[in-house]
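In the working numbering, the protein residues as written are 1 to 1146.
Scroll down for the structure; my scribbles are underneath it.
Encoded structure:
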């Protein structure tokens, strides 16, 4: 019989440059690059181990763990079994209403060095975690060398980490990749807190665990510092417009293992093909099916009554060959069978030995008997099977058994990780089976009652594009592993590296060393160790003290670079130093600002605060939110400019900035200074799932509003999408005010899109019943909404253009997190006044809880242009107000002086404290809106604040009031806060006890921000009474939690925002963000106030208030605002150019 060759597309193709061969340019590039490399090496002072090539021979310090006689190891003897209480749903308030116990193992504690060591963390996948603990030798053998603690974490719904016990099948909705990654983040943070250590974390995972590793690094770069992702088929999913999924790849990989090229018998592939053809023919008749049953020894419990029954047998045999290919290791192992039995060395070769004969055309009996023995290498690996394919359907009472077999991965695949598979019988020997989306969906619903989300995995986790935006991942793939066909097959960058491993099967590199290991496996492990060393050294290079200790231990006298410390904004009410840097702010775009009151019990809730009329309740608390060595820098700039100009010059429609200023498109304002931009827009709605992180969308959907604008500007060939990341208000507020997008869309051929945040404006689920269903309001869900919307827009328009995000305040935070979590969806972000450092838990940058009120106080100072007496008079007024409020008569006098709508409002001293809090709250809003011209933005269009409203407010407090003129002082204080509360000039009294009839409990005015703050985005706020004008009131987490529960029925999660989104460390790992901060904006105190990299840039705006740079241009704009916009546009131009350069090269 003629030998049949097998097509195996495992070759790596390296892109060749099409750049013309220009000798002078080439010499310049090479010279500049070499100079840059040399100077960078000096500037970073990298430790010697980092300068070594990963393929160079390294001194092996591996610890050997001898195997037992059967080749296995019991590594649990070196471990301690532990459990951590995890929330069932990390993305719902109160954990979705329940918790479960997640198992993990802490191992080799005697190796751990808490000062200079690391944590080796295995991301458990779809089996009992002890399987991985006993087999992942790469971690065990190298932990001592790295001073590493070893942790094996178990995947929820597997092993002993089963929520609901035997009732688990009734509660499958909490099983999702997003929840699993959050489990691991919480666990690592918990371990570090308990050990009181800050060491790098290196992740390890194989197969699905390799995918989890990849996505963990993508989504939580502040938690894990690098990952070894072995045999990770992360390109198995639909939705990547630049790369179609190779649905037939796995079976081609299996076929390669069956071929002579891989060491198998020469006739294996054609004989297997003949066997399947023979079974199909026999299966058409009852007598034929009986013969198949007899020849294949099908168990009597599984009668072959139909062709469908025969097809099921065929599928089981194909799966058996797939397992043999995955486990095609060079020595006998029980890994693929989860320890149940041993497969022989190179089991596919063993299976093919049975198929090496040249069977006669009419010898189907001999052929099928040999076929039976062939697949029996896997299905009868115990050597105890008397028949094959028993029929034993699972039931709910067998949940534990189902889990032990790993069947719950089927749920994950159906619910979110759908990977299409097919066979063509040309490049593989298996019966033809094209991808059938309909049938797969029906099967998923029949088995798990879930709808398949075909493109969700790529939307949520991205593909190749996402990997271009990350770092510190090593992908390894064995040539014998069929999963390699849908995994990474080329290095993405210097730090996202691919290691091909010849003669290796499913993540063999993760296993313990073995005498039969092919040389390529040993070489791959050496390379992986090199990268691990690099990542750990990079971590400690940012920790000078620890680095010095490591240098002593390692005999390395190299220096480590320090990161400049970012101290708190130090403002004195006596002497205000020049404001060179500002902290940033994110408040309500139509924000209310909760100010610390005079008591220690300060509620974080944000009820509606309407400027122009006093708030509905007197007691509302208002709150909303390197230089390089010269030579290396010159070399780098030269190299970059030359390369970039060569590449971009051939890309149509992409212009490189020549330094000429961008000229905005003018949109004249109306007489009152406002604009109606809705006339250029089309209102649209998209159906969004209520819960993106549960199967079937949490059981329901809602209509999300968005606007598509300025379509006439858009060029699908070289244009872009300007995307506003909606925040906590009706999106029309941002649409009518975000001039930076409108004025520059034409220059960038941009389509403008304004997306509305769920639970605001017209995007409110459940209508009038919304307050009963607040659990679906979360920033994570909103980000997923935006990702789905953008992907949908691109699909419907059939376009592939860059997306530039814009957002101010909370929208700036969302924009930042959108870029960090979905870099494959949004290409760059302008984040104005985003207080992304306002959260507890960031060890590198502790939250400055008093910063907001210090900046408010700065705005009230002479240094900021306000009346000199403003601050001392406010302090005097508060003292006097409290003094008078001690008696009933005094409280009645205060009610008259402050023109309270209800004279009975001040019944107690506590009521007086409420008055203090509410009055002082005005200054926070005035400071955010401290714009150089009249504006209605802070009041959501209801009324206008004057130009520089803090100065206007302070004018009432300019006089030197006599010591006994408390009435004059308090009247001036009332008029001062009235600049905000009576901005309409129509109020006759302050603080009505009843809301107007047209104001409902539903979030028309943005009150739902309070829920977000309580449930996930807790931002502690306080005052010290020294560096600010406000009475001392330190942040009080206990009181805030009580207030949150009383108002919303949810508990504060103090550190969740930092765990989920990270702080400065996360921002150092991302790219393409411009943070802008105005020196007048109080939210600047908790924003980014330093440039973190070449592409994560900070711009300070002297004299700028709350994201003024995002507004339309105005004749009264300070020069710093104009300069900031030009810088932002230059970065946008750069991001767009980079997109098209990459698109052309791909």
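Note that the Cβ used here is the ideal one computed from N, Cα and C, for glycine as well.
Assign residue i to one of three DSSP states: helix, strand, or coil.
| i | result |
| --- | --- |
| residue 1018 | coil |
| residue 124 | coil |
| residue 338 | coil |
| residue 453 | coil |
| residue 653 | Confidence in residue 653 is poor, its pLDDT being 31 and thus under 50, which makes the residue's placement too unreliable to answer from. |
| residue 385 | coil |
| residue 990 | strand |
| residue 516 | coil |
| residue 1033 | strand |
| residue 423 | strand |
| residue 170 | helix |
| residue 720 | strand |
| residue 149 | strand |
| residue 680 | helix |
| residue 343 | strand |
| residue 470 | coil |
| residue 665 | coil |
| residue 510 | helix |
In angstroms with no decimal places, state the Cα-to-Cα distance between residue i and residue j.
| i | j | result |
| --- | --- | --- |
| residue 1037 | residue 1022 | 10 Å |
| residue 570 | residue 1084 | Confidence in residue 570 is poor, its pLDDT being 27 and thus under 50, which makes the residue's placement unreliable; the coordinate value appears in the next sentence. Looking at the two C-alpha atoms, the distance is approximately 13 Å. |
| residue 975 | residue 953 | 8 Å |
| residue 164 | residue 171 | 7 Å |
| residue 1079 | residue 833 | 10 Å |
| residue 861 | residue 1138 | 44 Å |
| residue 296 | residue 148 | 51 Å |
| residue 1193 | residue 803 | Any question about residue 1193 goes unanswered here, given that the chain covers just 1 to 1146. |
| residue 709 | residue 667 | 14 Å |
| residue 928 | residue 981 | 15 Å |
| residue 124 | residue 133 | 9 Å |
What does DSSP give as the partner residues of residue i in its beta bridges?
| i | result |
| --- | --- |
| residue 258 | In DSSP, residue 258 forms no bridge with anything. |
| residue 478 | 501 |
| residue 882 | Residue 882 is not bridged to any residue. |
| residue 686 | 704 |
| residue 1076 | 832 and 1099 |
Mind checking residue i: buried by the 16 CB within 10 Å criterion, or exposed?
| i | result |
| --- | --- |
| residue 796 | exposed |
| residue 815 | buried |
| residue 446 | exposed |
| residue 205 | buried |
| residue 508 | buried |
| residue 1205 | Given a span of 1 to 1146 for the chain in the structure shown, any question on residue 1205 remains unanswerable. |
| residue 821 | buried |
| residue 1026 | exposed |
| residue 303 | exposed |
| residue 141 | buried |
| residue 210 | buried |
Return the first residue and the last residue of the beta strand (DSSP E) that residue i is part of.
| i | result |
| --- | --- |
| residue 103 | 99 to 107 |
| residue 704 | 701 to 709 |
| residue 751 | 750 to 755 |
| residue 82 | 79 to 87 |
| residue 1098 | 1096 to 1101 |
| residue 204 | 201 to 206 |
| residue 263 | Where residue 263 is concerned, there is no enclosing beta strand (DSSP E), given that its DSSP letter is neither H nor E. |
| residue 806 | 803 to 808 |
| residue 1052 | From DSSP, residue 1052 is part of no beta strand (DSSP E); its letter is neither H nor E. |
Taking residue i as part of the alpha helix (DSSP H), name the residues at either end of that continuous run.
| i | result |
| --- | --- |
| residue 897 | 888 to 897 |
| residue 312 | 307 to 326 |
| residue 287 | 286 to 295 |
| residue 376 | 364 to 379 |
| residue 917 | 909 to 928 |
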